[in-house]
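Worksheet: one structure, shown below.
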Amino acid sequence: MKKSFTNKPVLIMVIAIVLLLVLAFFSASSRTIPWLENAVGVIVRPVQTFAFKASNSIAGFFSNLFNTTDADLENARLKQQLALFEQTKLDYAELAKENERLRALLNYSGSIGDFEYVTAKVIGRSSGVWFDTLTINIGRSRGIEVGMPVISGDGLIGKVTDVGLNWCKVTSIIDSTVTVAVTVERTRDNCMVRGVFNTASSASKLELYYLPTDLTDLVPGDIIMTSGIGGIYPKGIRVGTVEEVMLDTDTSGINAIVAPSVDFLHLEEVMVITDFGGAG
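Dropping the structure here:
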């Protein structure tokens, strides 16, 4: 016994294709056989309808797929452009602020004397609370040496204490190991300041000392500046402002708490004085 043909859908499709070819042949030869056309139409129309719907569905799927992909790509491109625009705005604002700080630094340096200097950027800070040691991005290759004074547009920062080829470390005046010879601007009294680690405030401070009680009338608000004595720092660089005046019972002298004129927490650009004559 022969096996029956079980793939009926394929058989129907083959018959439909044959009938379509026959119909196309007669149509092309302009001969009309109504009964044959009707028979073919009855058989073929469901197949045509199914094929048409299937082709439309497939075309619609790929159309939506490509349209969605294009929209996603455009959306990603616009987001990238927006991010680039925002970054450009930030860069421009940062550049404007940096130019403003450098202008203030140059104006300040011109107001205190005719010095030779090199500008630099702060690239590191000590791990302490007050950042009393800084690292800047210039060194021996720019002629920097240990002991050179360092200033900002607000006043005295400190001095160079270690030098590499393209970097150096600056120990600031708020370090307790650093002492600076200073003058009270109003009274012209000479004294010393040094860094203070333990104060009631969390902010960095300086202690003013070696000021006899019978020779001064120091008051809060007095401006303290470098005296130039000792030749370490140029004369006339602002150091800070007196906040509190106290009597030192051990020395019978006047001590004072001085707020530094420099904001050590937010230093970004500095100036290393490479030559000032070494005298006040």
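Count along the sequence shown from 1, add 5, and you get the number used in this note's numbering. By construction, the Cβ of each residue, glycine as well, lies at the ideal position given by its N, Cα and C atoms.
C-beta atoms of R243 and M230 nearer than 7 Å: Indexing the sequence shown from 1 puts residue 243 at position 238. Indexing the sequence shown from 1 puts residue 230 at position 225. Between R243 and M230, the gap from beta carbon to beta carbon is short of 7 Å.
Between the stretch 178-197 and the stretch 143-155, can you find at least three pairs of beta-carbon atoms closer than 8 Å? Judged by Cβ distances under 8 Å, the stretch 143-155 makes no contact with the stretch 178-197, as fewer than three pairs qualify.
Quickly, what does DSSP pair L95 with across the bridge? List them, please. Residue mapping note: residue 95 aligns to position 90 of the sequence shown, counting from 1. Paired residues: none, contrary to the question.
Cβ-based burial, V198 [other Cβ within 10 Å; buried from 16]: Here residue 198 corresponds to residue number 193 of the sequence shown, with the count starting at 1. Buried, because 16 or more other Cβ atoms sit within 10 Å of the Cβ of V198.
Excluding the 5 residues flanking N171 on each side, which residues of the same chain have their C-beta closer than 6 Å to its C-beta? Within the sequence shown, residue 171 is the residue found at index 166, counting from 1. Excluding sequence neighbours, N171 sits near G144 and S146.
What number of angstroms, rounded off, separates the C-alpha of P265 from the C-alpha of E274? The residue you call residue 265 lines up with position 260 of the sequence shown. The residue you call residue 274 lines up with position 269 of the sequence shown. Answer to the nearest angstrom: the Cα atoms are 17 Å apart.
Quick one: grab the DSSP three-state call for T254. The residue labelled residue 254 in the question sits at position 249 within the sequence shown. Coil, per DSSP.
Measure the C-alpha to C-alpha separation of T138 and V201 and round it to an integer number of angstroms. Taking the first residue of the sequence shown as 1, we reach residue 138 at position 133. Taking the first residue of the sequence shown as 1, we reach residue 201 at position 196. T138 and V201 have their C-alpha atoms some 14 Å from each other.
Whose C-alpha, out of G148, E150 and I128, is nearest the C-alpha of T140? Within the sequence shown, the letter at position 135 stands for residue 140. When each option's Cα is compared against that of T140, the closest is I128.
Kindly indicate which three-state DSSP category L83 falls into: helix, strand or coil? By one-based count along the sequence shown, residue 83 stands at place 78. Collapsing the DSSP output to three states places L83 in a helix.
Nearest neighbour of I5, chosen from E212, C196 and E190 [CA to CA]: The chain is shown from 6 up to 285; residue 5 falls before or after that span and cannot be answered.
Beta strand (DSSP E) containing M230: first to last residue? As a working note, residue 230 is residue 225 in the sequence shown. I228 to T231 is the extent of the beta strand (DSSP E) around M230.
For A208, tell me which candidate among H271, L78, L89 and N142 has the shortest Cα-Cα distance. Position 203 of the sequence shown holds residue 208. If we check each option's Cα against that of A208, H271 comes out closest.
Could you please give me the residues that DSSP links to I141 through a beta bridge? Taking the sequence shown and counting its residues from 1, the one referred to as residue 141 is at position 136. Bridge partners of I141: V127 and C173.
Pairwise C-alpha distance: K126 and R193: Walking along the sequence shown from the start, residue 193 turns up at place 188. Walking along the sequence shown from the start, residue 126 turns up at place 121. Each residue's alpha carbon lies about 34 Å from the other.
C-alpha distance - V267 paired with G163, whole-angstrom precision: Counted from its first residue, the sequence shown places residue 267 at position 262. Counted from its first residue, the sequence shown places residue 163 at position 158. Note on geometry: alpha-carbon atoms of V267 and G163 lie some 10 Å from one another.
Hey, could you find the ends of the beta strand (DSSP E) Y238 is sitting in? The residue you call residue 238 lines up with position 233 of the sequence shown. Judged by DSSP secondary structure, Y238 falls outside any beta strand (DSSP E); it is assigned neither H nor E.
Determine the DSSP secondary structure at R108, reduced to helix, strand or coil. Here residue 108 is taken as the residue at index 103 of the sequence shown, counted from 1. The answer is helix: DSSP assigns R108 an H, G or I state.
Same chain only: Cβ atoms within 6 Å of R191, ignoring 5 sequence neighbours per side: By 1-based counting over the sequence shown, the position of residue 191 is 186. Here the set comprises D227.
Can you round the beta-carbon distance between I259 and E249 to whole angstroms, since I take them to be within the 8 Å contact cut? Translated into positions along the sequence shown, residue 259 becomes position 254. Translated into positions along the sequence shown, residue 249 becomes position 244. Rounded to the nearest angstrom, the Cβ distance from I259 to E249 is 11 Å, too far for a contact under 8 Å.
Could you tell me the boundaries of the beta strand (DSSP E) in which T2 lies? The chain is shown only over 6 to 285; residue 2 falls outside these bounds and no answer can be derived.
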